[in-house]
Each structure stands twice: as C-alpha cells, then as structure tokens.
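Student: Please read through the structure below; I'll follow up with questions.
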Amino acid sequence: TMIIISHDRHFLNSVCTHMADMDYGTLKVYPGNYDDYMQASMQARERQVAANARAKDRITELQDFV
Numbered sequence: 001t002m003i004i005i006s007h008d009r010h011f012l013n014s015v016c017t018h019m020a021d022m023d024y025g026t027l028k029v030y031p032g033n034y035d036d037y038m039q040a041s042m043q044a045r046e047r048q049v050a051a052n053a054r055a056k057d058r059i060t061e062l063q064d065f066v
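Numbering (our numbering), first residue to last: 1 to 66.
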C-alpha cells in the first residue's frame with residue numbers, strides 16, 4: 001500500500017489500482033485508476049443530485065397537501 005498525491009493524471013492512471021476521496025470528513029474508496037474514479041465519482045454525484053431533486057419535489061407535494 002502506498003499513498004500517492006499527484007496532479008499528474010497520466011501518472012495516476014498508470015500506477016493506481018484504487019483511488020480514495022476524502023470529502024467533508026468522509027472517505028470513499030473507488031476501484032480502478034484515476035479515470036475510473038472520475039467516472040464513478042461523477043455518476044455518484046448525478047445520483048445524489050437526482051435524489052435531492054426527488055426529495056425536494058416530495059417535500060413540496062407534502063407541503064401543498066397540508
């Protein structure tokens with residue numbers, strides 16, 4: 001196990017097999033290289049944005065009902 005900090009995505013793609021992302025005190029580990037991490041991270045963000053939009057719509061429905 002090695003911890004590598006780099007801004008060189010080509011280097012990260014060639015040497016990394018897992019990526020760890022620390023965001024707001026939460027650590028998420030993604031399998032694959034940097035490009036795999038970016039794709040998985042963007043998909044996770046899109047799912048979260050969609051879930052937030054559904055929750056907001058549901059809150060509006062409930063408030064209108066009451």
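Glycine included, each C-beta is placed from N, C-alpha and C at the ideal position. Being a predicted model, the structure only gives us computed values, none of them experimental.
State the DSSP-derived secondary structure class of Val15, mapped to helix, strand or coil.
Tutor: Helix, per DSSP.
Student: Counting Cβ pairs, one atom from each stretch, are 3 or more of them under 8 Å apart for the region 7-18 and the region 30-39?
Tutor: Verdict: yes, contact present.
Student: Starting from the Cα of His18, find the closest Cα among Tyr24, His7, Gly25 and Met38 and give me that residue.
Tutor: For the residues Tyr24, His7, Gly25 and Met38, the minimum Cα distance to His18 belongs to Met38.
Student: If the criterion is Cβ atoms closer than 8 Å, does the pair Ala40 and Tyr30 meet it?
Tutor: Contact flag set, yes.
Student: Work out the CA separation of Ile5 and Ala55 for me, nearest whole Å.
Tutor: Computed Cα separation, rounded: 36 Å.
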